[in-house]
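Single-structure report; data block below.
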Amino acid sequence: MYLLEYVPSIIRWGFYIFQILLIIYILMSWVPQAKDSPIGITIEKIVDPYLSIFRRFIPPIAMIDFSPIVAIFALQLVEYGLLTVWFWFVSLIL
């Protein structure tokens, strides 16, 4: 029963950490040496599969990649939707 109280926090923290990784990845693109570091390579392996979905549909405009902005917005929408479904589910079983 008490586990149900922690699930929204776990969902929020998971999405928050992924958003932070996205922002770090975006900032690392301005410093080429950062992407070649072990931490940069790890973050790229985590974030790049998600960003590649948006890069297929949103081409760079004047050498500026707008796909991370759309990706963060989509991530927030998915988080909101997942939490809404979770609260709806909990209200049905309680």
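The numbering of the sequence shown is this note's numbering, which starts it at 415 and goes up by one. C-beta atoms are modelled at their ideal positions from N, C-alpha and C, and glycine is treated no differently. As the structure is a prediction and not an experimental result, all values here were calculated from the model.
Hey, quick one: how far does the alpha helix (DSSP H) through M442 stretch, first residue to last?
Note, M442: alpha helix (DSSP H), L417 to M442.
Practice task
Quick one: using the 10 Å Cβ neighbour count with 16 as the cut-off for buried, is M477 buried or exposed?
Solution key: Exposed, since its Cβ has fewer than 16 Cβ neighbours within 10 Å.
| query | Taking the Cβ atom as the reference point for each residue, do I486 and L436 lie within a distance shorter than 8 angstroms? | reply | Against a cut-off of 8 angstroms, the Cβ pair of L436 and I486 comes out as a contact.
For I486, the first and last residue of its enclosing alpha helix (DSSP H)
In the DSSP assignment, I486 falls within the unbroken alpha helix (DSSP H) covering S481 to I507.
Legend entry - The alpha helix (DSSP H) enclosing V461, as first and last residue numbers: Where V461 is concerned, the enclosing alpha helix (DSSP H) stretches over P452 to F471.
> What is the rounded straight-line gap between the Cα of V504 and the Cα of I424?
Replying inline: So the two alpha carbons sit approximately 15 angstroms from each other.
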